[in-house]
Amino acid sequence: MERKMVCISCPLGCRLTVRWENEQDITVKGNKCAKGESYAREEILAPKRVVTATVTVAGPAEKAGGPRRLPVKTSAPLLKEHIAALLDELYGLEVKAPVACGDVLLPDIAGTGVDVVATRTVKERS
Ligand code: SF4
C-alpha cells in the first residue's frame, strides 16, 4: 500500500511517501530527517492527536456571568481510536469552579496515561 502525507513535526512540512506491505516493512521517502520517518510510521501504525475541546462550567462562576465553557486539551497526543468516545464524554462533562489551569479533569483516558486538563483558570465567585 502507499500513502502520501505531510510531516507536521516541524514547519518545513516535508511531503512524505510511505509504502508498506506489513507492519515490519514500512519505507518512508521525502523526509529530511529521522523525525519524518518516526512520524510516518506512527501515522500508519498508531495515529495520535492532541484533542482540544470545551466543557461546561457549572456553579457560582456560571451564576455570576462568568465563562460557561472551559477550554480543555489532552496532556499528550491520544490514539485516534479513543477520540470519539472522549469527545462524547467531554460533551456531557460539567466541571465546578474554581478550576485552575492545568487541573486534571479526566485522568488516564482509556488506560492510555493521557489526561484531559484545563487550559484556563476559572475562579469561584460569590
Ligand atoms: S521530516 Fe524532519 S525536516 Fe521534514 S518536516 Fe518532518 S521533522 Fe521537519
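Count the sequence shown with our numbering and you get residues 560 to 685, in order.
Glycine residues also receive a C-beta, built at the ideal position from the N, C-alpha and C atoms.
Taking 6 Å as the cut-off, is the beta-carbon of residue i closer than that to any non-hydrogen atom of ligand 1?
| i | result |
| --- | --- |
| L571 | yes |
| S597 | no |
| K563 | no |
| K594 | yes |
| K607 | no |
| K591 | yes |
| S634 | no |
Within this structure, are the beta carbons of residue i and residue j separated by less than 7 Å?
| i | j | result |
| --- | --- | --- |
| L575 | A599 | yes |
| P630 | T678 | yes |
| L638 | K594 | no |
| E596 | V587 | yes |
| A635 | V663 | no |
What is the rounded straight-line gap between the Cα of residue i and the Cα of residue j?
| i | j | result |
| --- | --- | --- |
| K563 | N590 | 12 Å |
| K632 | I642 | 12 Å |
| G661 | V676 | 5 Å |
| A669 | E601 | 19 Å |
| Y650 | V614 | 7 Å |
| G603 | E561 | The amino acid at residue 603 is misidentified as Gly; the sequence shows Ile. In a straight line, the C-alpha of I603 is about 10 Å away from that of E561. |
| L665 | E653 | 11 Å |
Buried or exposed: where does residue i fall if 16 or more other Cβ atoms within 10 Å of its Cβ makes it buried?
| i | result |
| --- | --- |
| A656 | buried |
| I567 | exposed |
| L646 | exposed |
| V609 | exposed |
| V616 | buried |
| V565 | exposed |
| C573 | buried |
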